[in-house]
Amino acid sequence: MTRVVLLDAEEEFCVNAAGFLTERDFEVSFTESHDEFLTLIGAADIAVLDMARPDGTGLDLVRSLRARYPHIGIIALGGCLSIEGKLQSLQAGADHFLFKPVELAELLAVLKALARRVGCACAWQLKVSMRLLQAPEGQQGILSASELAIFRLFAVHAGEVVSRRQIVEAMGYSWLDYDLRRLDTLISRLRRRWREQLGLELPLRTEHRDGYSFCAQLRCTA
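Just so we're aligned, residue 2 is where the sequence shown starts under my numbering, counting upward by one.
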């Protein structure tokens, strides 16, 4: 099921669009909050966003999404924007631009076309019952219990930095008693194993003094 996140201040449009798309096998979340949108987007396949943001950050948001999530689909919405505004949105990284008010049938058609490109193939898959991490290209690696706990955190906190304390406690240890050098060693070995055995660099970034983040879409399934 394709996951869509909608950023728009018009609640009626969001509710109607979410209901319409959910009935057609899309999983839809919506918000008018920029910050909440950023917490949702890491687990999404497609972003739909109104370019007429009150803070004027529509183009900047498209650029940052395209840079951080290169495989995600982006649909920009505009009201009174000119053709120049449409071109700016596309040049910033949007895949499609629709003028508001948007016909839901048109939005559905664009989403279906975009879903064929992005789909689940662009996401990493965490298969919990099998303790398996699968790359978008198909390579698979078995995870230890501790590694599984870490990746489950990454799935829950998509697009966010997961603190060292969160990781330590998710692995079942006491934060006060745990030697953080053990965590650094665990992460280092995990990266090296994927590099040497599977020929892949994990999109696992060290956020110095803060923790770690997984810089790609990660889906968690039972």
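C-beta atoms are modelled at their ideal positions from N, C-alpha and C, and glycine is treated no differently. Just so we're clear, the structure is a prediction, and the values are computed from it rather than from any experiment.
Assigned secondary structure, residue i (DSSP; H/G/I helix, E/B strand, else coil)
{"i": "Leu20", "result": "The displayed chain sequence assigns Gly, not Leu, to residue 20. In the structure shown, Gly20 sits in a helix (DSSP, three-state: H, G or I)."}
{"i": "Ile73", "result": "coil"}
{"i": "Leu7", "result": "strand"}
{"i": "Val162", "result": "coil"}
{"i": "Ser30", "result": "strand"}
{"i": "Ala48", "result": "strand"}
{"i": "Leu219", "result": "strand"}
{"i": "Gly59", "result": "helix"}
{"i": "Gly79", "result": "strand"}
{"i": "Ser175", "result": "coil"}
Same chain, Cβ closer than 6 Å to residue i, five either side skipped, listed in chain order
{"i": "Ala150", "result": "Ala171, Met172"}
Limits of the unbroken alpha helix (DSSP H) element including residue i
{"i": "Asp185", "result": "181-194"}
{"i": "Gln167", "result": "165-171"}
{"i": "Leu40", "result": "The sequence given here places Thr at residue 40; Leu does not occur at that position. Start and end: 35-41."}
{"i": "Leu201", "result": "Looking at the DSSP string, Leu201 is not in any alpha helix (DSSP H), and its letter there is neither H nor E."}
{"i": "Leu154", "result": "146-157"}
Cβ neighbours of residue i in the same chain (closer than 7 Å, five flanking residues each side left out)
{"i": "Gln140", "result": "Leu199, Leu201"}
First through last residue of the beta strand (DSSP E) which encompasses residue i
{"i": "Glu208", "result": "205-208"}
{"i": "Ser214", "result": "212-215"}
{"i": "Ile143", "result": "141-143"}
Where residue i falls, given that 16 or more other Cβ within 10 Å makes a residue buried
{"i": "Leu181", "result": "exposed"}
{"i": "Leu39", "result": "buried"}
{"i": "Met52", "result": "buried"}
Same chain only: Cβ atoms within 8 Å of residue i, ignoring 5 sequence neighbours per side
{"i": "Thr222", "result": "Gln126, Leu127, Lys128, Val129"}
{"i": "Pro55", "result": "Ala10"}
{"i": "Arg194", "result": "Gly142"}
> Counting only runs that start and end within the segment 88-136, where is the alpha helix (DSSP H) found for 4 or more residues in a row?
Replying inline: 105-118
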